[in-house]
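Enquirer:
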Amino acid sequence: MTSASALHAALPKLCPCGGAPTAMKRKGAEAAFADCCGRYIVQEQLPPDALHLMRSRYTAFVLENEAYLLHTWQAAFRPSSLAFEAGAKWLGLEIKDFVQTGMKDGHETAEVEFVARVRVAGKANRLHERSRFVCEEGQWQYTTAVNMAS
Ligand SMILES: [Zn+2]
5 MTSASALHAA LPKLCPCGGA PTAMKRKGAE AAFADCCGRY IVQEQLPPDA LHLMRSRYTA
65 FVLENEAYLL HTWQAAFRPS SLAFEAGAKW LGLEIKDFVQ TGMKDGHETA EVEFVARVRV
125 AGKANRLHER SRFVCEEGQW QYTTAVNMAS
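5 is the number of the first residue of the sequence shown in our numbering; add one for each residue after it.
Here it is, written out as structure tokens:
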């Protein structure tokens, strides 16, 4: 295990989250990092919804960008630091569901269900979670997740 406070990996050309507008995707195109999660991670734009935040957090995991992950974690649930699995190779993100879930304490809430695949030490793992998000002052933040793996 290793913890990272800075970007270890060089910035990728294509976005690790696999995001692309549907019209582009039909032609087999993939989104450039700069046009996808790079807008939030590097250019510090605010993700417009929980789905874009979820994608950018996956990408931040791939890039081992601890600062971004902590910054987008609601303070009440935020850990003091993160540990990244050494040698982990992230294989892709699949979004299963995205719903706005109403309001809580005057803030918009949403949930995103996803499957992320990662290989660690030659062993493939599948993370299937439903993550919860809240929007405070225009800024979507991750709160908690429910593990959906059976
Ligand atoms: Zn992306």
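Note that beta-carbon positions come from the ideal geometry of N, C-alpha and C, so glycine has one too.
Does the Cβ-Cβ distance between alanine 35 and glycine 23 come in under 8 Å?
Expert: Numbered from 1 along the sequence shown, position 31 holds the residue referred to as residue 35. Numbered from 1 along the sequence shown, position 19 holds the residue referred to as residue 23. Against a cut-off of 8 Å, the Cβ pair of glycine 23 and alanine 35 comes out as a contact.
Enquirer: Go through its chain and collect everything with a Cβ distance to alanine 149's Cβ below 8 Å, but skip five positions before and after it.
Expert: The residue you call residue 149 lines up with position 145 of the sequence shown. These residues qualify, in order along the chain: Glu133, Arg134, Ser135, Arg136.
Enquirer: Could you say which of Asn129, Glu140, Val119, Gln143 lies nearest to methionine 152 if we only look at CA atoms?
Expert: Along the sequence shown, one-based indexing puts residue 152 at 148. Of the candidates Asn129, Glu140, Val119, Gln143, the one whose C-alpha sits nearest the C-alpha of methionine 152 is Val119.
Enquirer: For ligand 1, I want to know if arginine 130 counts as a neighbour, meaning its beta carbon is within less than 7 Å of at least one of the ligand's heavy atoms.
Expert: As a first step, residue 130 must be located in the sequence shown, where it is residue number 126. No; taking the cut-off as 7 Å, the Cβ of arginine 130 has no heavy atom of ligand 1 nearer than that.
Enquirer: Closest to tyrosine 86 by C-alpha separation, out of Glu70, Pro51, Val116, Gly142, would be which residue?
Expert: Here residue 86 corresponds to residue number 82 of the sequence shown, with the count starting at 1. What sits at residue 86 in the sequence shown is leucine, not tyrosine. Selected option, being the one with the closest Cα: Glu70.
Enquirer: Span of the beta strand (DSSP E) holding valine 235?
Expert: Outside the modelled stretch of the chain, which goes from 5 to 154, sits residue 235, for which no answer is possible.
Enquirer: Sorted by chain position, which residues of the same chain lie with C-beta nearer than 6 Å to cysteine 40's C-beta, five sequence neighbours on each side aside?
Expert: Position 36 of the sequence shown, counted from the start, is the residue given in the question as residue 40. So the qualifying residues of the chain are Cys19, Gly23.
Enquirer: Taking the C-alpha atoms as reference points, what is the distance between serine 60 and histidine 75?
Expert: Position 56 of the sequence shown holds residue 60. Position 71 of the sequence shown holds residue 75. One C-alpha to the other measures close to 12 Å.
Enquirer: Taking the C-alpha atoms as reference points, what is the distance between valine 122 and alanine 128?
Expert: Taking the first residue of the sequence shown as 1, we reach residue 122 at position 118. Taking the first residue of the sequence shown as 1, we reach residue 128 at position 124. Cα-Cα distance, rounded: 6 Å.
Enquirer: Compute every distance between the C-beta of threonine 76 and the non-hydrogen atoms of ligand 1, then say whether any falls below 7 Å.
Expert: Residue 76 sits at position 72 when you count from the first residue of the sequence shown. Threonine 76: no, Cβ never under 7 Å from ligand 1.
Enquirer: Need the endpoints of the beta strand (DSSP E) that leucine 95 sits in, please.
Expert: For this step, residue 95 is matched to residue 91 along the sequence shown. Start and end: 93-108.
Enquirer: At the level of alpha carbons, what is the spacing between alanine 97 and histidine 56?
Expert: Position 93 of the sequence shown, counted from the start, is the residue given in the question as residue 97. Position 52 of the sequence shown, counted from the start, is the residue given in the question as residue 56. Looking at the sequence itself, residue 97 is leucine, so the reference to alanine does not match. Straight-line Cα distance between these residues: approximately 12 Å.
Enquirer: Sorry if obvious, but does the Cβ on arginine 121 come closer than 7 Å to a heavy atom of ligand 1?
Expert: Position 117 of the sequence shown, counted from the first residue, corresponds to residue 121. False, no ligand heavy atom lies under 7 Å from that Cβ.
Enquirer: Answer yes or no: the CB of glycine 23 versus the heavy atoms of ligand 1, is any distance below 7 Å?
Expert: Residue 23 sits at position 19 when you count from the first residue of the sequence shown. Checking the 7 Å criterion, the Cβ of glycine 23 is within range of a heavy atom belonging to ligand 1.
Enquirer: Beta carbon of threonine 105: closer than 7 Å to some heavy atom of ligand 1?
Expert: Your numbering for residue 105 matches position 101 in the sequence shown. No - ligand 1 has no heavy atom lying nearer than 7 Å to the Cβ of threonine 105.
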